[in-house]
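Residue numbers (our numbering), protein chains in the order written: chain E, 598 to 850; chain H, 598 to 850; chain G, 598 to 850; chain W, 45 to 282; chain L, 45 to 282; chain S, 45 to 282. Glycine is no exception: its CB is placed at the ideal position from the N, C-alpha and C atoms. Worksheet: the structure to be examined is printed underneath.
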Amino acid sequence: MEELYTLELIEKGKRVDKRRFDEFRKVEIKEGIIKKAEGSASVRIGETEVTAGVKLDFGKPFPDSPEEGMLIVNAEFTPLASPDFESGPPGEDAVELARIVDRGIRESNCIELEKLCIAPAEKVWSVFVDIHIINHQGNLLDASALASLVALLNTKIPKLEDDKILRGEFERNLPVVFKPINITVCKAGNSLLVDPSFEEEKILGAKLSVCVRDDDRVCALQKQGNKELSLEDIEKMIDVAIEKSKEIRSLIR
Amino acid sequence: MEELYTLELIEKGKRVDKRRFDEFRKVEIKEGIIKKAEGSASVRIGETEVTAGVKLDFGKPFPDSPEEGMLIVNAEFTPLASPDFESGPPGEDAVELARIVDRGIRESNCIELEKLCIAPAEKVWSVFVDIHIINHQGNLLDASALASLVALLNTKIPKLEDDKILRGEFERNLPVVFKPINITVCKAGNSLLVDPSFEEEKILGAKLSVCVRDDDRVCALQKQGNKELSLEDIEKMIDVAIEKSKEIRSLIR
Amino acid sequence: MEELYTLELIEKGKRVDKRRFDEFRKVEIKEGIIKKAEGSASVRIGETEVTAGVKLDFGKPFPDSPEEGMLIVNAEFTPLASPDFESGPPGEDAVELARIVDRGIRESNCIELEKLCIAPAEKVWSVFVDIHIINHQGNLLDASALASLVALLNTKIPKLEDDKILRGEFERNLPVVFKPINITVCKAGNSLLVDPSFEEEKILGAKLSVCVRDDDRVCALQKQGNKELSLEDIEKMIDVAIEKSKEIRSLIR
Amino acid sequence: MKTREKLIVDGKRLDGRLPEQLRTIEMKTGVVTRANGSALMKFGNTIAIASVHGPRALFPRHLQESETCLLRCRYNMAPFSVDERKSPGPDRRSVELSKVIRLALEPTLFLEDFPRATIDVYVEILQADGSTRVAGINAASLALADAGIPMRDLVAACSVGKISGTLVVDLTADEDNNSEADLAFAMLPSKKKITLLQMDGILTKEELNKLLKLAKDSCEKVYETQKKVLKEKYKRVE
Amino acid sequence: MKTREKLIVDGKRLDGRLPEQLRTIEMKTGVVTRANGSALMKFGNTIAIASVHGPRALFPRHLQESETCLLRCRYNMAPFSVDERKSPGPDRRSVELSKVIRLALEPTLFLEDFPRATIDVYVEILQADGSTRVAGINAASLALADAGIPMRDLVAACSVGKISGTLVVDLTADEDNNSEADLAFAMLPSKKKITLLQMDGILTKEELNKLLKLAKDSCEKVYETQKKVLKEKYKRVE
Amino acid sequence: MKTREKLIVDGKRLDGRLPEQLRTIEMKTGVVTRANGSALMKFGNTIAIASVHGPRALFPRHLQESETCLLRCRYNMAPFSVDERKSPGPDRRSVELSKVIRLALEPTLFLEDFPRATIDVYVEILQADGSTRVAGINAASLALADAGIPMRDLVAACSVGKISGTLVVDLTADEDNNSEADLAFAMLPSKKKITLLQMDGILTKEELNKLLKLAKDSCEKVYETQKKVLKEKYKRVE
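Written as structure tokens, this is what we have:
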């Protein structure tokens with residue numbers, strides 16, 4: 598019923614919440630909300646809410662990059678946030694989301710990982726980004742990617758003393774040099790729309806998530822949904838995403 | 598049916614097995630029954646039967662207590678012991694029981710953990726207490742705590758040779774200096790009763806488990822069951838438990 | 598229906614595919630099919646197909662055999678191969694098969710494990726044999742044991758440089774000195790048959806798997822199926838297996 | 045367990061509080077719109093969010109109880125909620141806490157009114173600075189009210205303990221780790237009925253009785269805030 | 045991510061291929077007789093096998109969808125398929141790939157024709173030398189056809205990417221590990237509809253558009269082989 | 045596998061037994077009152093307890109077999125049963141042994157008499173000094189009898205093997221670890237039917253046949269004790 602109504606509206610070029618097709622819901626960003634974390638952020642896009650926390654810990658580098666820090670991105674779709682989420686180990690949607698966020702950060706070279714070495718081949722900083730969904734009203738991926746980025750931007754590296762981490766005392770900021778923004782574009786009839794709500798996501802089966810760097814380069818793509826896209830769709834979606842990424846990036850302090 | 602009968606009797610101040618409200622079933626303690634373990638005991642309370650075994654192994658101490666041994670308590674509610682128990686990883690009841698037994702031992706300072714250091718910050722003794730339920734006819738917690746304590750009391754520390762453990766040869770006794778006793782008290786109408794049978798447990802939803810040390814100090818409390826208690830109930834239950842703990846402690850060699 | 602027909606035929610001394618009772622389906626052996634593996638083989642027995650791959654990696658030896666390499670055999674019954682196999686961790690049939698293949702290799706002393714030491718008590722070669730079922734048309738065990746043996750026979754030990762494994766460059770062959778062959782014999786009425794097809798396995802509940810070494814010694818036995826055997830059955834089955842093992846062994850290059 | 049000497053200086057705690065003083069309390073309902081009810085609760089830096097899904101049909105069917113509703117609870121800490129990252133997934137502690145939180149809530153509900161159904165209560169700890177389980181119970185109780193589920197009473201919860209020889213309320217993580225005893229407590233305040241009681245440490249009977257009274261008094265303060273928040277919610281609605 | 049300089053020498057790749065050249069393709073149907081359909085697909089040393097079981101009844105019953113068929117996919121790598129032995133069981137990568145493979149296949153199927161049922165597609169990678177997921181999709185698409193399941197079109201898939209500054213098709217593991225960007229792509233060739241698109245790396249919009257066209261052209265080559273194999277299959281049957 | 049030289053000295057084993065001598069056997073039924081049947085069995089220091097639950101209804105329903113009863117077995121070792129603590133939960137060895145124990149018991153039962161039901165047999169090893177699986181089978185067989193479940197015959201089991209060149213019965217853990225061959229064996233004694241046979245080691249056909257006869261003879265001794273215990277049980281009942 599509600600789905601049919603949403604669909605009919607879209608076919609008339611309208612959205613249930615009156616937004617334009619290229620308009621995000623209100624985006625609110627809060628920083629540093631978790632004092633126990635080395636970095637954190639809460640992002641609300643409309644009623645969707647995501648908290649990301651960054652913890653730093655010692656790690657052993659990979660043999661083929663002995664001086665590079667490690668990045669680990671994890672997402673929990675806790676059953677708190679939606680009746681559709683279940684307890685238990687991360688399902689395929691949570692795993693996919695974490696991996697897309699990970700690729701956006703990693704492939705954009707957003708963190709200077711080579712500046713996170715403590716002892717070559719022995720000890721480096723591991724950067725754990727944990728994404729916690731608080732409320733699921735659609736477009737979790739863009740919200741999660743944004744919360745993760747903002748959390749990284751305010752992350753501080755703890756001081757060391759006798760090889761121990763002094764939690765709560767900090768040495769320097771995490772070196773973050775790019776701001777990759779993820780924009781998910783949906784195909785809706787012959788049009789494209791951004792920031793789908795939960796109800797829109799249910800009926801729009803052809804989506805493309807595009808991660809765009811400050812220099813307008815694309816650093817990750819993921820087609821989502823169970824419907825197909827044409828080459829022309831994809832080209833247009835990338836254009837929309839590049840354009841939209843500038844606006845979202847400008848919201849970051 | 599049976600439950601109704603049990604309940605009616607209790608309301609008349611009687612128990613199905615004719616015990617007084619403050620009376621335990623027959624308690625039988627056997628020591629050293631498992632030769633492969635460094636310490637062991639079997640406790641029967643009526644038909645309830647629990648075997649506890651203690652194994653000692655090397656452990657790495659926590660950074661903030663580099664000279665202290667480690668204590669690990671684990672309980673398995675094997676499906677052997679009751680049609681209500683299922684195969685698989687420990688359920689919430691087994692985890693809760695193990696954690697209550699652990700707290701009673703740990704908080705009472707019953708084991709002198711600081712005497713279990715082998716090499717500071719490097720190697721200490723880990724004391725594994727494993728609780729195996731053989732038959733479940735009620736009051737598993739008191740039986741498990743008692744079996745664990747008796748097993749610890751007869752535990753011997755193995756000899757070392759070239760940094761290897763010589764199983765079967767022993768150096769000294771495990772240093773155990775207190776005898777914490779766990780007593781579970783149930784609310785039954787306006788009265789309190791101890792050592793509930795399986796049938797009584799099913800109908801009595803308000804229970805308090807109290808761990809009492811030799812000096813009558815309380816070292817752990819856990820309200821159990823899905824019914825509420827008043828502050829006066831709790832005070833009386835603690836009195837009963839302190840009293841009863843002396844009697845049970847006197848059964849230990 | 599099909600089962601009844603299979604059974605009736607067997608009672609008349611015939612098999613659905615016209616084979617003699619002591620006759621294997623066509624056995625095809627392919628070697629070195631997986632270039633990424635240090636050793637590999639594909640074995641087809643009729644339509645049953647199994648691929649075995651051998652990977653070598655560093656391992657820490659057991660304290661009581663500080664100079665011996667390690668052997669780890671693992672089988673995956675992927676749901677690809679049969680509608681009867683399920684996703685998830687290996688079930689009891691896969692575990693049992695892997696353990697029987699392991700015992701045949703281990704007990705026959707087929708690999709000279711004492712020649713796989715890199716640094717005594719510190720580092721040895723671990724030999725991982727992974728069995729992957731491709732198609733399940735009966736007699737998986739004999740096919741798996743044969744594929745594993747052939748894979749071991751063509752396994753090469755990688756070169757080392759600065760304590761690192763140079764994948765793709767090799768130092769010497771894995772020292773394999775025996776060729777243990779596993780033969781599963783089924784009781785069919787008053788007769789015995791070998792190499793049961795999938796349909797035959799379903800109706801023949803009394804089987805014995807016999808692993809035979811080049812010197813006709815028996816190095817592993819496992820009764821399988823839910824029907825019983827007499828002592829006389831077993832003696833005859835072992836005779837059949839010893840005889841048949843020579844024929845299968847002769848198929849190996 | 046080692047205890048630090050100086051958790052009380054000049055009669056005050058390290059964060060400046062008096063022994064019987066709670067930290068700043070913050071409560072809010074309706075924070076998770078996809079749930080039937082939800083609430084956030086803070087004791088100082090400790091942040092708990094709870095949401096309630098249900099009553100709803102329970103599957104698979106063979107788990108249904110024909111006479112009553114299944115109450116299920118899950119207590120979970122976010123990986124970034126503590127100093128050393130907690131790896132995701134349940135550990136033994138959270139399994140136990142999930143159980144005691146369920147039992148702390150159950151007496152206030154009329155579960156027999158929803159046979160074959162389940163009510164699911166999820167508690168997430170976003171930041172852990174002590175007293176997380178009691179913060180979770182306070183949040184859960186508000187979330188149940190927010191969901192409009194009939195209750196005999198709210199459930200109010202707090203922690204008390206003994207640090208540096210002094211009886212105190214609402215322990216921080218630092219106080220908890222260095223306490224001589226700590227006690228978690230929940231009650232139905234208007235009925236004066238206790239539904240959660242866990243203690244570990246070493247206490248005489250007399251100390252224990254004093255702590256229980258302190259816990260009861262503190263729960264009553266929590267209760268006042270809970271009621272105020274709910275009143276405001278209904279005001280908003282009208 | 046480090047990139048090796050010399051992946052292209054004198055306009056040729058390390059295995060001698062031209063930038064836009066696919067490796068030798070090998071395809072075969074009917075390799076798993078116990079399945080309803082199956083196929084093997086090789087891009088050079090990469091070997092994928094797929095089998096299809098179903099449509100078949102789905103248990104437990106409460107998972108059944110009354111209006112449609114559940115499509116399930118599992119992508120799995122054999123422990124010996126890679127240089128360092130992969131320990132058995134799903135990891136995060138294979139969980140994601142199982143999902144995107146399912147979504148790459150779903151648009152070609154008429155799932156609503158088999159309500160309450162399930163179609164299970166299993167993809168095993170026996171040897172991994174790059175492009176495993178697209179090899180798996182090609183094999184799965186042939187296996188669905190081999191099973192006689194009605195399809196709108198075959199699904200053809202390939203990888204493309206940018207190595208040493210050059211746009212190339214069908215990346216090997218070595219090329220993939222040292223690429224500046226790699227892109228996995230699947231389409232319904234006769235309908236020109238894309239059903240899989242994943243990219244990571246750094247690309248300008250222009251490079252990306254060129255790569256997409258390269259991917260489309262390569263899929264059409266794969267498609268020709270797929271059709272040929274199926275034709276031969278039906279010839280054999282007749 | 046290394047073998048110690050001196051497991052036999054002056055024709056006697058390290059614990060003083062003759063080669064063909066069983067350790068002291070102890071058996072007892074009714075040790076687990078919450079089960080339908082149960083028994084304890086000792087070979088010397090090896091202690092096995094078995095309990096039987098059922099026949100009882102099987103859930104979830106889609107696992108039920110309409111023509112027969114599902115027999116399920118679980119073999120488990122207590123963490124303290126061995127020298128080095130065994131971490132709880134099933135390992136590959138216990139998965140295999142659970143299966144072979146089930147198959148050793150199945151031929152003696154009339155499973156088709158209880159369609160849709162399950163019989164669950166649980167075997168716990170409290171102390172492991174060799175021959176644990178056969179001790180478990182003996183205990184399980186008595187537990188089935190104790191539960192009043194109709195059986196064609198009891199199942200009697202024992203281990204045999206070759207140590208220091210000598211064929212022996214009922215191996216200890218020390219003997220097993222240093223044996224040239226060991227063999228686990230179970231039979232329906234009055235029917236002379238073998239239901240368990242596992243061997244590893246190196247044996248000629250002749251040695252193997254001798255061992256099998258030794259195993260059969262030893263099982264008959266075990267059987268005598270089993271029958272005596274059951275007779276006493278029924279005497280008690282009368």
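Classification of residue i by the beta-carbon crowding that lies within 10 angstroms, buried from 16 upward
i: Phe124(W); result: buried
i: Tyr166(W); result: buried
i: Ser679(H); result: buried
i: Val53(W); result: exposed
i: Gly88(S); result: buried
i: Thr248(L); result: exposed
i: Asn736(E); result: buried
i: Pro194(W); result: exposed
i: Leu62(S); result: exposed
i: Pro660(G); result: exposed
i: Leu107(W); result: exposed
i: Pro717(G); result: exposed
i: Arg118(W); result: buried
i: Lys627(G); result: exposed
i: Asn854(G); result: Here chain G covers residues 598 to 850 and nothing more, so residue 854(G) does not appear.
Contacts that residue i makes with chain B (C-beta to C-beta distance below 7 Å)
i: Arg764(E); result: No chain B is present in this structure, whose protein chains are E, H, G, W, L and S.
Chain-order list of residues whose beta-carbon lies under 6 Å from that of residue i (same chain, five-residue window excluded)
i: Pro132(S); result: Pro123
i: Thr210(L); result: Ile52 and Pro63
i: Ala790(G); result: Before going on, a small fix: residue 790(G) reads as Leu here, not Ala. Cβ neighbours of Leu790(G) beyond the five flanking positions: Phe618 and Cys783.
i: Gln242(W); result: Ala228
Cβ distance (whole Å) where residue i is taken to contact residue j below 8 Å
i: Ala259(S); j: Val199(S); result: In fact, because the Cβ distance is near 13 Å, the residues do not count as touching under 8 Å.
i: Ala191(L); j: Val96(L); result: 4 Å
Sequence-distant residues of the same chain with beta carbon closer than 7 Å to residue i, five excluded per side
i: Lys254(S); result: Leu211
i: Asp830(H); result: Lys784
For the stretch 228-246 of chain S, which residues have a beta carbon sitting closer than 7 Å to at least one beta carbon of chain G?
-> Against chain G - using a Cβ distance shorter than 7 Å - the residues of the stretch 228-246 of chain S are Leu232, Lys236, Lys237, Ile238, Thr239, Leu240, Leu241, Gln242, Met243, Asp244, Gly245 and Ile246.
So does the stretch 83-93 of chain S actually touch the stretch 172-189 of chain S, counting three or more Cβ pairs closer than 8 Å?
-> Yes: at least three Cβ pairs fall under 8 Å.
Check distances from the C-beta atoms of the stretch 121-136 of chain W to those of chain H and list, in chain order, the residues that come in under 8 Å.
-> Arg136
Taking a Cβ distance cut-off of 8 Å, strictly less, list which residues of the stretch 58-79 of chain S are near chain H, in chain order.
-> Val75, Val76, Thr77, Arg78 and Ala79
Under 7 Å (Cβ pairs) to chain S, residues found in the stretch 619-650 of chain H = Ile631, Lys632, Lys633, Ala634, Ser637, Glu644, Thr648 and Gly650
Would you list, in chain order, the members of the stretch 792-810 of chain G that have their beta-carbon closer than 8 Å to a beta-carbon of chain L?
-> Listed by position, the residues of the stretch 792-810 of chain G near chain L (Cβ gap below 8 Å) are Phe795.
Taking only beta carbons into account, state which residues of the stretch 817-832 of chain E come closer than 9 Å to chain L, listed in chain order.
-> Ala817, Leu818, Gln819, Lys820, Gln821, Gly822, Asn823, Lys824, Glu825, Leu826, Ser827, Leu828, Asp830, Ile831 and Glu832
Output, in sequence order along the chain, the residues in the stretch 136-153 of chain S whose CB is closer than 9 Å to any CB in chain G.
-> Arg136, Arg137, Val139, Glu140, Ser142, Lys143, Val144, Arg146, Leu147, Ala148, Glu150, Pro151 and Thr152
Residues in the stretch 168-186 of chain L having any Cβ partner in chain G nearer than 8 Å = For the stretch 168-186 of chain L, which is checked against every Cβ of chain G, the residues closer than 8 Å are Glu168, Leu170, Gln171, Ala172 and Asp173.
Taking three-plus beta-carbon pairs below 8 Å as touching, is the stretch 763-771 of chain E in contact with the stretch 677-696 of chain E?
-> no
Compile a chain-ordered list of the residues in the stretch 755-780 of chain H whose CB is closer than 7 Å to at least one CB of chain S.
-> Arg764
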